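Novice:
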């Protein structure tokens, strides 16, 4: 089902801040069209790793390519081929829904005509015809997250990075959100997602679990459960996270 | 380029939607101009004075009348006794008292010598000085008139003229001053606050993962403020010209060009601040205390730099407002051209480049 094309490869990717090694020699591959879950306790190094892959941070050592571009030299090219959404603040609260869509589409180089069409189309699909001219700040969190995700993939990026996209959202909206993620992968977008919800980890094709800067486990959810002899991802996570030495 | 405009458009949405910052951006210059123009004047105009006339003869009545008719004074109290003076000052009813001793006219005619005493309420020393000067001038004029009728062995005539500001209008001083302060305050504060806000809310991160180059992300945030500050310059000049009757003696094009240069200086200071701090409060605090205070003290607008102790005079050289204030008043008030402001211009260019270089360096470090 998955193609063999890899969109993210890392090899011994390391990032240190002074004496502190936030990300310690991680090696993994993400295949095109995959939903790749990136798990780990707070402070395990997930965000740092994600920032390197998004071209925000330069690694200290090791190699990594994203969408075929090198994270050291071609981080500006990487940015053109990815989408990014984070937990809280992916939209401007003092802009309307439509303005947000136009801005985020605009910064990825969509033409005015495309923006208008895609914007209208998106508002239609989200069923927000009435709210399009409202300020984002006045909308419930679940809606914001949906708009936010939609704008992050408006330009059809190769990969979309989701940093705890469903934090604080109710279960029904969370379910709808994951439907949107599946839709996105159907259209060929690779999804790289961090989450703290273990049920969401089950939705991923493959899951990696970071402990103290290193990847301790990486496989499909079923194989992981088998490997750690437990019947839920939560069990897997707890067994691994207990080994952690770093505090919060 | 498309990207660039998308960013700028978004920034305008932010600014135009935030009524509070709009009021500050456009209301503050208007308010300051009107305040300095009509309320905070340090000109002496129709000041309340009292007259204690102990001789009450032809000369003293005439002199008292002249005081009253002068546009600087109005005689509001005729005092009877010396003991009333202190009370009037205490009640804050008078700014100055003129005392004519007994037998004033007689002394002039017979002894060729008479005395007049001024008492100023010197709680504000500058104003009192100015008042005493005006009062002395009134007496001198009167004296010259009497002397005109008599022959004297020699006479020295004094003639003083105020070259660039014959009417001693305070607008000549505060218009360049207000312009300098407003640009310093708004340019640096609004820019730094708007960038830091983006950091504080976390939206900076999404802007940075966009294909826009990081440094351009920050620069596009400064552009709306460049425009708004320029609007402020026009607003101030318009008010100065129409409401405050301040002439524009120099080349307006040169003045506008210099203003744009100074706006760049303040914006680059704003960028610098925004790269050093992480919260809006700190950004605002630094802008107010770190920039506005020195701007106020060292521009030469409120306090003459020549009177300051040497170390402070030296410090004043690193404050950009001093140079811009000098440029504006040279062009506007003295009507001189670029050959008289090139040095200040060069210094401002240097400062701007300096701030920008540090800002960019710091910016890269933060991204690491």
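Chains as they are written, first to last, in this note's numbering: chain A, 1 to 248; chain B, 1 to 368.
Yeah, the Cβ is synthetic: ideal placement off N, Cα and C, and Gly gets one too.
Note that the structure is a prediction, hence the values are computed from the model and not measured.
(1) Looking at the C-beta of residue 205/B, does it have a partner C-beta in chain A at a distance below 9 Å?
(2) Please determine whether the Cβ atom of residue 299/B lies at a distance below 8 Å from any heavy atom of the ligand SAH.
(3) Measuring CB to CB, does residue 173/A end up less than 9 Å from residue 129/A?
(4) Give the DSSP-derived three-state secondary structure of residue 6/A in the structure shown.
(5) Give me the chain A residues within the contact set of residue 212/B, using Cβ-Cβ distance strictly less than 7 Å, ordered along the chain.
(6) Looking only at C-alpha atoms, which of 244/A, 157/A, 209/A and 195/A sits nearest to residue 84/A?
(7) Between the Cα of residue 6/A and those of 40/A, 58/A and 33/A, spot the shortest distance and give me the residue it belongs to.
(8) For residue 250/B versus residue 119/B, is the C-beta spacing smaller than 9 Å?
(9) Which residue spans inside the segment 174-209 of chain A form an unbroken beta strand (DSSP E) run of at least 3?
(10) Unbroken alpha helix (DSSP H) runs of length 4 or more, entirely within the segment 63-90 of chain A: which are they?
(11) Is DSSP giving residue 360/B helix, strand or coil here?
(12) In three-state DSSP terms, what is residue 330/B?
(13) How far does the beta strand (DSSP E) with residue 289/B in it reach, from first residue to last?
(14) Kindly identify the DSSP beta-bridge partner or partners of residue 96/B.
(15) Provide the residue span of the alpha helix (DSSP H) that contains residue 369/B, from first to last.
(16) According to DSSP, which residues form a beta bridge with residue 159/A?
(17) Just verifying my parser: in three-state terms, what is the DSSP assignment at residue 368/B?
(18) From residue 16/B to residue 100/A, what distance separates their C-alpha atoms?
(19) According to DSSP, is residue 12/A helix, strand or coil?
(20) At 7 Å on the CB atoms, spell out the chain A contacts of residue 17/B, in chain order.
(21) So, at 7 Å on beta carbons, what are the nonlocal neighbours of residue 358/B in its own chain, with the 5 sequence-adjacent residues on each side left out?
(22) Could you tell me which chain A residues have their CB closer than 8 Å to the CB of residue 197/B, listed as they occur along the chain?
(23) For residue 249/A, return the contacting residues in chain B, with the cut-off set at a CB-CB distance below 8 Å.
(24) Is any beta-carbon of chain A found at less than 9 Å from that of residue 360/B?
(25) What would DSSP say about residue 218/A, mapped onto helix, strand or coil?
(26) Under 7 Å Cβ to Cβ from residue 335/B, same chain only, skipping five residues before and after it: list those, please.
(27) Leaving aside the five residues before and after residue 22/B along the sequence, list all residues of the same chain whose C-beta is less than 8 Å from its C-beta, in chain order.
(28) Note down the Cα distance separating residue 121/B from residue 130/B, rounded to an integer number of angstroms.
(29) Return yes when the Cβ of residue 195/A is within less than 9 Å of the Cβ of residue 31/A, no when it is not.
(30) List the DSSP bridge partners of residue 35/A.
(31) For residue 20/B, which residues of its own chain have a beta-carbon under 8 Å away from its beta-carbon, when the five flanking residues on both sides are left out?
(32) Can you tell me whether residue 223/A is buried or exposed? The criterion is at least 16 other CB atoms within 10 Å of its CB, across all chains shown.
(33) Please report how far the alpha carbon of residue 204/A lies from the alpha carbon of residue 112/A, in whole angstroms.
(34) Could you confirm whether any beta carbon from chain A is found closer than 9 Å to the beta carbon of residue 363/B?
(35) Whole angstroms are fine: how far does the CA of residue 158/B sit from the CA of residue 148/B?
(36) Span of the alpha helix (DSSP H) holding residue 145/A?
Specialist: The structure says:
(1) yes
(2) This structure lacks the ligand SAH, and indeed carries no ligand of any kind.
(3) no
(4) strand
(5) 107
(6) 157/A
(7) Relative to the Cα of residue 6/A, the nearest Cα in the group 40/A, 58/A and 33/A belongs to 33/A.
(8) no
(9) Fully enclosed beta strand (DSSP E) runs of 3 or longer: 190-194.
(10) 75-80
(11) helix
(12) helix
(13) Neither: residue 289/B is in no beta strand (DSSP E) and is coded neither H nor E.
(14) 49/B and 120/B
(15) The first residue shown for chain B is 1 and the last is 368, placing residue 369/B beyond what the model contains.
(16) 82/A and 190/A
(17) In this prediction, residue 368/B scores a pLDDT of 46, lower than 50, which makes its location untrustworthy; the coordinate-derived value is nonetheless stated afterwards. Residue 368/B falls in the coil class under three-state DSSP.
(18) For residue 16/B and residue 100/A, the distance between alpha carbons rounds to 15 Å.
(19) strand
(20) 94
(21) 272
(22) Within 8 Å Cβ-Cβ: nothing; residue 197/B doesn't reach chain A, min ~10 Å.
(23) One cannot answer for residue 249/A here, as it falls past the ends of chain A, which runs 1 to 248.
(24) no
(25) strand
(26) 249 and 250
(27) Same-chain partners within the cutoff: 15 and 16.
(28) 12 Å
(29) no
(30) 191/A, per the DSSP bridge assignment.
(31) none
(32) exposed
(33) 35 Å
(34) no
(35) 15 Å
(36) 141-152
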